[in-house]
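What follows is a set of notes on a single structure, which appears directly below.
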Amino acid sequence: MDKAPCQIRVRQFSHNPGKSAVVSYVADWAPDQYLASEFFSFRLEAGRAPAITRYPCDGFLPGLEKAASPDSALTLLNENVFAFPRRKIRVDLVRYRPGSRAVLRHRSGKIKLYVRVMRPSALPHLLNAAELVGHSEFAVPRIVGSWKEGGVVWLSEIPGQNVRKLMRRAKPPEPDAILDGLEGLWNAPCHSDSRAFNLRGAYNRAKRTFRHALRERDEARLVLDSVIRALDPFVRSWQPSAIAHNDLYDDQMLALPDGRVAIVDFEEAGPGDPLLDVGNFLAHLKWTSNIGRTPKHDVSGAYYHRLRTAALDRLKWNEHELNLREAVCLFRITTNTIRRPAQDWHERTLSSLNLVLDCLR
17 MDKAPCQIRV
27 RQFSHNPGKS
37 AVVSYVADWA
47 PDQYLASEFF
57 SFRLEAGRAP
67 AITRYPCDGF
77 LPGLEKAASP
87 DSALTLLNEN
97 VFAFPRRKIR
107 VDLVRYRPGS
117 RAVLRHRSGK
127 IKLYVRVMRP
137 SALPHLLNAA
147 ELVGHSEFAV
157 PRIVGSWKEG
167 GVVWLSEIPG
177 QNVRKLMRRA
187 KPPEPDAILD
197 GLEGLWNAPC
207 HSDSRAFNLR
217 GAYNRAKRTF
227 RHALRERDEA
237 RLVLDSVIRA
247 LDPFVRSWQP
257 SAIAHNDLYD
267 DQMLALPDGR
277 VAIVDFEEAG
287 PGDPLLDVGN
297 FLAHLKWTSN
307 IGRTPKHDVS
317 GAYYHRLRTA
327 ALDRLKWNEH
337 ELNLREAVCL
347 FRITTNTIRR
357 PAQDWHERTL
367 SSLNLVLDCL
377 R
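So the mapping is simple: the working numbering equals the position in the sequence shown, first residue as 1, plus 16.
The structure is reproduced here in structure tokens:
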């Protein structure tokens, strides 16, 4: 008889009120079972029967099952990358968001490749985004192969240290190294088929999430209403102004031994807003230092001020315009308290929304 897992945890809750919901779980086994954790999810859509997926089988990511199996992954490498000199490879799961995307690592000896798995319809945009970030001063992983039908791309590994981890050890890169990389991207030529960042859509999804979770006359709901009144006019009037990264924060970057910074996640790159790039990074730093559960030596709060000062001094931006963008990004990040529920989700939501309101004062 099969044994049951010793623990099942909610990993993420993604909800589009009135339309759909995806609840992801992790099943952990007892240590003496020597079994890896398993991921499964339930997808609920209005008018349809519930759908259950269990990693690596995912109907929205047709290439994931083959890319996640060592045997079939080796075949894919030989067909789409290069003649692989070994008979065995190791496959590691880095990240997985059911129905949306996954990041794997294929390793054999000194050969190390990152594998991005997505919906096949998203592949052309990723390839275009890779071309755009190639104009930046960032070090960028090289695309070494792709499988169009499966929505799979292989990228070279860049040896470096994750900037978020360095932030926790009080050793982040200089802000100017990040701004150096960004300025080249912001000056990149725009292709006619480049997909613009949809700020309004992202903002409206966050609003729906908050309104569904927070009761009328709730204190957090009152703060939410104040935030929305301030942000709505800005979001309605916002337009892309240049090529931008569109999802910049510390976990997307590596610090290299020569002092440069590498950008390893760039699929959102396209027409956007340079101030929004910096505002998003600032919002993540503010969230981490005020709401996140950070280790003792984390310097996210201090780095927030260093990056903000460096950007304003170097680029001569209007401070109020940067505040608006930081606020709208922090507003979106705050949905983490609802999408990744914990016992204190309501208190953290209220604290986060008050931080957004502070940005707007």
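Just so you know, even glycine gets a beta-carbon here, dropped at the ideal spot from N, CA and C.
From a predicted model like this one, the values you see are computed outputs, not experimental measurements.
Please go through the same chain and pick out, in chain order, the residues whose beta-carbon is closer than 8 Å to the beta-carbon of residue i, but skip the five residues on each side of it.
| i | result |
| --- | --- |
| V243 | A343, F347, L369, V372, L373 and L376 |
| G275 | P189, E190 and A193 |
| H151 | G200, L201, N203, A204, P205 and I259 |
| E337 | L291 |
| S367 | N306 and I307 |
| L240 | F226, R227, L230 and L369 |
Roughly how far, in whole angstroms, is the beta-carbon of residue i from the beta-carbon of residue j, given that I think they are within contact range, below 8 Å?
| i | j | result |
| --- | --- | --- |
| L201 | L270 | The Cβ separation is near 16 Å, so there is no contact. |
| V294 | A258 | Contact flag wrong, Cβ pair sits at about 12 Å. |
| A37 | F56 | Not really, about 15 Å apart at Cβ, beyond 8 Å. |
| L120 | A62 | That pair is no contact at about 32 Å. |
| V131 | W170 | 6 Å |
| F29 | P273 | Actually they are not in contact, since the Cβ atoms of F29 and P273 sit about 39 Å apart, beyond 8 Å. |
| D266 | V179 | 4 Å |
| E153 | G197 | 5 Å |
| M183 | V315 | 6 Å |
Taking the alpha-carbon positions, what's the residue i to residue j distance?
| i | j | result |
| --- | --- | --- |
| P21 | A46 | 7 Å |
| A193 | A65 | 50 Å |
| V48 | C206 | Strictly speaking, residue 48 in this sequence is Asp, with Val absent from that position. Cα to Cα, D48 sits roughly 55 Å from C206. |
| I279 | P290 | 16 Å |
| V133 | P86 | 15 Å |
| M17 | Y50 | For M17, the predicted structure reports a pLDDT of 41, less than 50, and the residue's modelled location is therefore unreliable. The matter cannot be settled from this model. |
| R245 | R341 | 15 Å |
| D263 | W333 | 20 Å |
| C345 | T353 | 14 Å |
| K181 | W303 | 16 Å |
| A99 | K126 | 15 Å |
| T351 | I159 | 32 Å |
| G320 | S305 | It is worth fixing the name first, because residue 320 is Tyr in this sequence and not Gly. Using only the alpha carbons, I get a separation of about 9 Å. |
| A155 | E81 | 30 Å |
| K104 | R227 | 50 Å |
| I174 | L298 | 25 Å |
| R233 | A186 | 41 Å |
| K19 | H31 | 31 Å |
| N339 | A236 | 21 Å |
| S172 | R106 | 16 Å |
| H300 | H261 | 15 Å |
| C73 | H122 | 18 Å |
| R221 | W254 | 16 Å |
Please list, in chain order, all residues of the same chain as residue i whose beta carbon is under 6 Å from its beta carbon, the five residues on each side excluded.
| i | result |
| --- | --- |
| E283 | L142 and A145 |
| R117 | M134 |
| A67 | R59 |
| R224 | P33 |
| V39 | F29 and F58 |
| T69 | S57 and P114 |
Who are the near neighbours of residue i in its chain, counting only those whose CB is closer than 7 Å to its CB and skipping five residues on each side?
| i | result |
| --- | --- |
| R322 | P191 |
| G167 | L77, P78, G79, V133, M134, R135, P136, A138 and L139 |
| P287 | C206, S210, A212, F213, P256 and I259 |
| W163 | G79, L92 and N96 |
| A229 | I354 |
| Y112 | F55, Y71 and A118 |
| V251 | L215, R216, Y219 and V344 |
| Q268 | I279, V280 and D281 |
| E335 | L328 |
| W396 | Nothing in the structure corresponds to residue 396, since the chain is present only between 17 and 377. |
Decide if residue i is buried, meaning its Cβ has at least 16 other Cβ atoms within 10 Å, or exposed.
| i | result |
| --- | --- |
| I24 | exposed |
| G317 | exposed |
| T325 | exposed |
| N94 | exposed |
| H313 | exposed |
| R330 | exposed |
| K34 | In the sequence on display, residue 34 carries Gly and not Lys. Burial call: exposed. |
| Q359 | exposed |
| D248 | exposed |
| N296 | buried |
| A89 | buried |
| A285 | buried |
| G217 | exposed |
| V26 | exposed |
| P311 | exposed |
| P157 | buried |
| D108 | exposed |
| G75 | exposed |
| A52 | exposed |
| R231 | exposed |
| R364 | buried |
At a cut-off of 7 Å, would you count residue i as near the ligand SAM, judging by its Cβ distance to the nearest heavy atom?
| i | result |
| --- | --- |
| A43 | With respect to the ligand SAM, the structure offers nothing, as it holds no ligand at all. |
*Please specify which runs of the alpha helix (DSSP H), each continuous and at least 4 residues long, are wholly inside the region 315 to 357, giving them in chain order.*
316 to 331, 335 to 349 and 352 to 355, all fully within the region 315 to 357.
*In the region 139 to 175, which residue ranges form an unbroken alpha helix (DSSP H) of at least 4 residues, counting only runs that do not cross its ends?*
139 to 149
_My parser needs the alpha helix (DSSP H) runs of 4 or more residues fully inside the region 202 to 274; what are they?_
215 to 229 and 235 to 253
*Can you give, in chain order, each stretch of the beta strand (DSSP E) that sits fully within the region 27 to 113 and has at least 3 residues?*
36 to 44, 54 to 61, 67 to 70 and 106 to 113
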